[in-house]
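Here's what the structure looks like:
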């Protein structure tokens, strides 16, 4: 299952940490990208240094428009409306922005092809 994270705040980062810490427990699950309106440098920093869970024990770095976590390159997007992205091939969009309070907003991942 190919998963795209929309919103990289507390919930989005926690989802990525849970996945990256237990890859062997999720053999059919692949996170294929992240979208957040924050700067990529901020996303990488907040993922690496969490005030609740502590510092990330694995590797995390920005490289060529992607957040590379434990060797897995996750393209970072920075758009307010994900319906403008090409999400063909994505099976599930995890809506982690906290802003999907209406059907029109929640359905933007479907409009993008997921």
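In our numbering, the protein residues as written are 101 to 214.
Even for Gly, the Cβ is constructed at its ideal location relative to N, Cα and C.
Can you tell me which of the options puts its alpha carbon nearest to the alpha carbon of residue i?
i	options	result
residue 102	213, 164 and 190	190
residue 137	156, 159, 120 and 199	199
residue 211	194, 196 and 188	188
residue 135	164, 169, 213 and 112	112
residue 174	119, 133, 123 and 124	133
residue 144	109, 119, 181 and 122	109
residue 192	182, 146 and 214	214
residue 180	171, 146, 197 and 121	197
residue 142	124, 115 and 162	162
residue 146	183, 114 and 182	114
Within 10 Å of its beta-carbon, does residue i have 16 or more other beta-carbons around it, so buried, or fewer, so exposed?
i	result
residue 153	exposed
residue 107	buried
residue 159	exposed
residue 208	buried
residue 123	exposed
Check this for me: beta carbons of residue i and residue j, under 7 Å apart or not?
i	j	result
residue 149	residue 140	no
residue 105	residue 185	no
residue 170	residue 118	no
Checking contacts by CB at 7 Å: is residue i closer than that to chain D?
i	result
residue 160	No chain D appears in this structure, which consists of one protein chain only.
Could you pull the DSSP bridge partners for residue i from this structure?
i	result
residue 175	166
residue 102	130
### Query
Contact between the region 123 to 130 and the region 158 to 168: three or more CB pairs below 8 Å?
no
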